[in-house]
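The structure under discussion appears below in the form of C-alpha cells.
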Amino acid sequence: MKTKFSKTKLYKVLAYLTIIILAIGFTFPLYWIITGSFKTPQAINATSPQWWPQEWTMANYEKLFSRQVAPLWEIHVPFTDIVFAGPEVPAALRWMGNTIFMAVAAMLLTCITAAMAGYALAKKRFIGRTIIFTLIVCAMALPKQVILIPLIREMSSLKLYNTLWATIFPIVGWPFGVFLIKQFAEGIPGEMMEAARIDGASEWRTFADVALPMIKPGIGALAIFTFINSWNDYFMQLIMLSSTSNLTISLGIAKLQAENSTDFGLIMAGAALAAIPIIVVFLLFQKYFTKGITMGAVKG
Amino acid sequence: MAANKKKSGMSSKALTRRETIAGYAFMLPSLVFFLGFVIYPMVQCIITSFFDSTMNREDIFIGLANYKELFTDPVFLGALKNTFIIVIVSVPVTCIFSLWVGSVLNNMSGPLCSLFRCVFYLPVVTGSVAVTVVWKWMFNNYYGIFNYLGKATGVLEKNINWLGDEKYALGCIILILITTSVGQPIVLYVSALNNVDQSLVEAAQVDGANHLQVFWKIKWAQIKPTTLYILVITTINSFQCFALIQLLTSGGPNHSTDTIMYYIYHTAFKLYRYGYGNAMGVVLAIIIAVLSAVQFKLTSEK
Numbered sequence: 114m115k116t117k118f119s120k121t122k123l124y125k126v127l128a129y130l131t132i133i134i135l136a137i138g139f140t141f142p143l144y145w146i147i148t149g150s151f152k153t154p155q156a157i158n159a160t161s162p163q164w165w166p167q168e169w170t171m172a173n174y175e176k177l178f179s180r181q182v183a184p185l186w187e188i189h190v191p192f193t194d195i196v197f198a199g200p201e202v203p204a205a206l207r208w209m210g211n212t213i214f215m216a217v218a219a220m221l222l223t224c225i226t227a228a229m230a231g232y233a234l235a236k237k238r239f240i241g242r243t244i245i246f247t248l249i250v251c252a253m254a255l256p257k258q259v260i261l262i263p264l265i266r267e268m269s270s271l272k273l274y275n276t277l278w279a280t281i282f283p284i285v286g287w288p289f290g291v292f293l294i295k296q297f298a299e300g301i302p303g304e305m306m307e308a309a310r311i312d313g314a315s316e317w318r319t320f321a322d323v324a325l326p327m328i329k330p331g332i333g334a335l336a337i338f339t340f341i342n343s344w345n346d347y348f349m350q351l352i353m354l355s356s357t358s359n360l361t362i363s364l365g366i367a368k369l370q371a372e373n374s375t376d377f378g379l380i381m382a383g384a385a386l387a388a389i390p391i392i393v394v395f396l397l398f399q400k401y402f403t404k405g406i407t408m409g410a411v412k413g
Numbered sequence: 030m031a032a033n034k035k036k037s038g039m040s041s042k043a044l045t046r047r048e049t050i051a052g053y054a055f056m057l058p059s060l061v062f063f064l065g066f067v068i069y070p071m072v073q074c075i076i077t078s079f080f081d082s083t084m085n086r087e088d089i090f091i092g093l094a095n096y097k098e099l100f101t102d103p104v105f106l107g108a109l110k111n112t113f114i115i116v117i118v119s120v121p122v123t124c125i126f127s128l129w130v131g132s133v134l135n136n137m138s139g140p141l142c143s144l145f146r147c148v149f150y151l152p153v154v155t156g157s158v159a160v161t162v163v164w165k166w167m168f169n170n171y172y173g174i175f176n177y178l179g180k181a182t183g184v185l186e187k188n189i190n191w192l193g194d195e196k197y198a199l200g201c202i203i204l205i206l207i208t209t210s211v212g213q214p215i216v217l218y219v220s221a222l223n224n225v226d227q228s229l230v231e232a233a234q235v236d237g238a239n240h241l242q243v244f245w246k247i248k249w250a251q252i253k254p255t256t257l258y259i260l261v262i263t264t265i266n267s268f269q270c271f272a273l274i275q276l277l278t279s280g281g282p283n284h285s286t287d288t289i290m291y292y293i294y295h296t297a298f299k300l301y302r303y304g305y306g307n308a309m310g311v312v313l314a315i316i317i318a319v320l321s322a323v324q325f326k327l328t329s330e331k
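Chains as they are written, first to last, in this note's numbering: chain A, 114 to 413; chain B, 30 to 331.
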C-alpha cells in the first residue's frame, strides 16, 4: 500500500514537471517573437542566441512602419470610379485596419445569420428542414479549401475579387455557426414559445424576446470563435487579396518575409503586430471561447 | 396538451404552412451565404474537374482526363504520400498527447488548469503566419536556436539545414503542425474528463481498481465520442496543412514537403490549371470523407 502511494505521488510530480516544461516550450515561440522584435541586428544574427535582449531597440518597428505607405481608408462609391481616400499612413496600419474590419464584419454577419438560422433549425418544423441540416453537416465535414478555386472565379464575376468582402462572405457562409447555435437553441423550452404565441407575439417578437436571451451564451462563443478564425484565415486572404492597400496583417507579414527573408528582427516586429492583438482578444474572452469549442463538439 | 390546443386553434396544414414560412424567413440570410459561397463553389469544383479550365479562355470538356493524369503525375503521388505521412504521424501523436495533457490538467485546481489550457492554445491563436515565421528563424541554418542548442549539448556536430534538407524538412513541418493543433483537443478532453461520472470512478476505486484500470474501464468509454470528434477534426486539419508549407519550404527541397493542399495551390495559382486543381480537391474530399467514415465505424464499434 505504501509503495503504491509513493508511486502515484512520483507519477504526479513527474507529470507536473513535464507539463511545465511543455508549457515553456509552447510559450517560447511567442516569447521569441516579442523579444526578437526588440533586438538589434547584431543580437539577431549572433551565433549564440541572446536569451534576453542586452540592448533594446525600436529600430525594427520603425523600419516596419516606414517601409510602405497606404491611405488609411478608401471608400468606393458603388457603380462609379469615385474613391474617397484617407490620409497616407504606414501600410502596416492600413493592414491592421483591414484585418479588424474583416474580422468584425465576418463576426457580426455570422452571428446575425447563424442566430436566426440556428433558431429556425432547432425550433421550427418546416418542410425541407432535415435536408438543409444534412447538407450543413456534410459541408462541415469537407475540407474548406477545396472551394477556394471556384470561389476565385465567383468573386471575380461578382466584382468582389481583391476586396475584403471576398474573404468575409465565405466565412459567413461556413455553416459551423448555424450548427453551434442550433445546439444552444434546442435548450429553449417549448412552453416558453407556446406562451409567447398565445400572448399573440409575432414570429419575430418570439425570436427576439424569448429565444435570443436564451441563446446569448452561444452567440458570445460564436462571436469570439469567428473573430479569431477569420483573423487567422491565411489561405483565403492569400488568394483573394492582392494589392498592397488591401492586404491583411497576416498577408503583410508573409509578404515581408518573402521580400526580406533573413531580416528576422523586422519580420518579428511584424509577427508581434499580427499576434498580440488577437492574443489579447483571446485572453479577454477565453471563457466564451472554451464554451464554444466544447458545445460545437457535442453530438459532433 | 400543447399539440391538442394547436390542432383545435389551427388546422395542422395551416400550422405547417406558418412554420414553413417562418422557418425559411429565419433561414434566408444564412442560406444565401451558405448556398452562394459554400454549396455553389463545391458544385463548381466537381463540375470544373471534368474540364480543361484556365484564365481568360472558355473551359473545354475533357471528361476524366484530369483524374487520369492525377494518378500518373509523380508530383501528385509524392504529395499524396507526404500528406499521408503527415496525417499518420500527427493525428495519433496529437490525440495521445492531448489526452495525456488533458488528464493531467483535469486533476489540477481550476485557475492552474485554465492557465495551462491557455498556454497550449497559444500557438493556435497566435496565427499560422506569426508562428511559422518564428519557427523559420528557430530552424535557421546559421542563426537558429535548434542548431545552437544541438551543438551546445553535444547532440549535433555541425549545423543542420533543417528546412533545406530532404531528410529533416517534413519532420520539422510535422513538429510545428502538432504544436499548433493540440490546443483544441486539450480543451475538449479537459471538459470531457470533467463530465465523467464521478460516482462510477469512486465505486471502482472502492473495489480496488488502480488508476489505469479506472481509466480504461470507466473514463475511456465516456470520452469516446470526444475522441471520435477529435480524430475527425485533427485528420481534416492535418490534410489541410498549408500555411506552414507555403511559408517554410514551398514544397521543397525537391518536392519532399509537397502536400496535396500545397500542390492544389501551386497548380491553380501558379500554373493556372483550375480544372486539374479542382480534380485534386475532389480526390482530397473523397479521401477525407472515407477516412471520417472509417474512424466513425471504428470508434462506434464496441
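Just so you know, even glycine gets a beta-carbon here, dropped at the ideal spot from N, CA and C.
Residue from the options whose Cα sits closest to the Cα of residue i
i                      : options                    : result
residue 254 of chain A : B:266, B:306, B:56, B:40   : B:266
residue 420 of chain A : A:354, A:375, A:182        : Here chain A comprises residues numbered 114 to 413, so residue 420 of chain A is not present and cannot be evaluated.
residue 204 of chain A : A:396, A:399, A:356        : A:356
residue 191 of chain B : B:207, B:166, B:209, B:45  : B:166
residue 217 of chain B : A:403, A:202, A:177        : A:403
residue 148 of chain A : B:163, B:150, B:147        : B:163
residue 276 of chain B : A:364, A:321, A:322, A:358 : A:364
residue 263 of chain A : B:256, B:142, B:88, B:324  : B:88
residue 95 of chain B  : B:85, B:316, B:296         : B:296
residue 301 of chain B : B:263, B:244, B:85         : B:85
residue 71 of chain B  : A:246, A:367, A:252        : A:252
residue 258 of chain A : A:309, A:161, A:350, A:132 : A:350
residue 184 of chain A : A:176, A:167, A:194, A:202 : A:202
residue 213 of chain B : B:258, B:252, B:270, B:316 : B:258
residue 289 of chain A : A:228, A:302, A:157        : A:228
residue 203 of chain B : B:66, B:270, B:144         : B:270
residue 167 of chain A : A:151, A:174, A:178        : A:151
residue 249 of chain B : B:108, B:264, B:281, B:229 : B:229
residue 239 of chain A : B:284, B:140, B:54         : B:54
Separation of residue j from residue i, as counted between CA atoms
i                      : j                      : result
residue 318 of chain B : residue 169 of chain A : 51 Å
residue 18 of chain B  : residue 136 of chain B : With chain B represented from 30 up to 331, any question about residue 18 of chain B goes unanswered, as that position is not in the structure.
residue 220 of chain A : residue 291 of chain A : 13 Å
residue 210 of chain A : residue 307 of chain A : 45 Å
residue 31 of chain B  : residue 312 of chain A : Any answer about residue 31 of chain B is weak, because its pLDDT of 44 lies below 50 and its placement is not dependable; what the coordinates show is given next. Each residue's alpha carbon lies about 14 Å from the other.
residue 223 of chain B : residue 195 of chain B : 43 Å
residue 124 of chain A : residue 240 of chain B : 11 Å
residue 401 of chain A : residue 185 of chain B : 45 Å
residue 50 of chain B  : residue 325 of chain B : 36 Å
residue 323 of chain A : residue 333 of chain A : 17 Å
residue 266 of chain A : residue 59 of chain B  : 22 Å
residue 130 of chain A : residue 242 of chain A : 51 Å
residue 160 of chain A : residue 197 of chain B : 21 Å
residue 111 of chain B : residue 291 of chain B : 11 Å
residue 397 of chain A : residue 147 of chain B : 11 Å
residue 187 of chain B : residue 206 of chain B : 26 Å
residue 321 of chain B : residue 261 of chain B : 6 Å
residue 170 of chain B : residue 140 of chain A : 22 Å
residue 368 of chain A : residue 362 of chain A : 10 Å
residue 305 of chain A : residue 337 of chain A : 28 Å
Identity of the residues DSSP links to residue i by a beta bridge
i                      : result
residue 189 of chain A : A:196
residue 89 of chain B  : B:81
residue 183 of chain A : A:202
Whether residue i touches residue j by CB criterion (9 Å)
i                      : j                      : result
residue 289 of chain B : residue 100 of chain B : no
residue 381 of chain A : residue 145 of chain A : yes
residue 294 of chain B : residue 83 of chain B  : no
residue 320 of chain A : residue 277 of chain A : no
residue 313 of chain B : residue 244 of chain B : no
residue 63 of chain B  : residue 287 of chain A : yes
residue 142 of chain A : residue 208 of chain B : yes
Cβ of residue i within 9 Å of any chain E Cβ
i                      : result
residue 399 of chain A : Looking for chain E here will not work: the only protein chains present are A and B.
Stretch-stretch touch, CB-based, cutoff 8 Å, three pairs: the stretch 392-406 of chain A with the stretch 144-156 of chain B: yes
Stretch-stretch touch, CB-based, cutoff 8 Å, three pairs: the stretch 295-314 of chain A with the stretch 233-243 of chain A: yes
Meets three-Cβ-pair contact criterion under 8 Å: the stretch 70-88 of chain B and the stretch 301-316 of chain B: yes
Cβ contact (3+ pairs, closer than 8 Å) linking the stretch 215-230 of chain A and the stretch 279-287 of chain A: yes
Cβ contact check for the stretch 375-385 of chain A and the stretch 39-48 of chain B: 3 or more pairs under 8 Å: no
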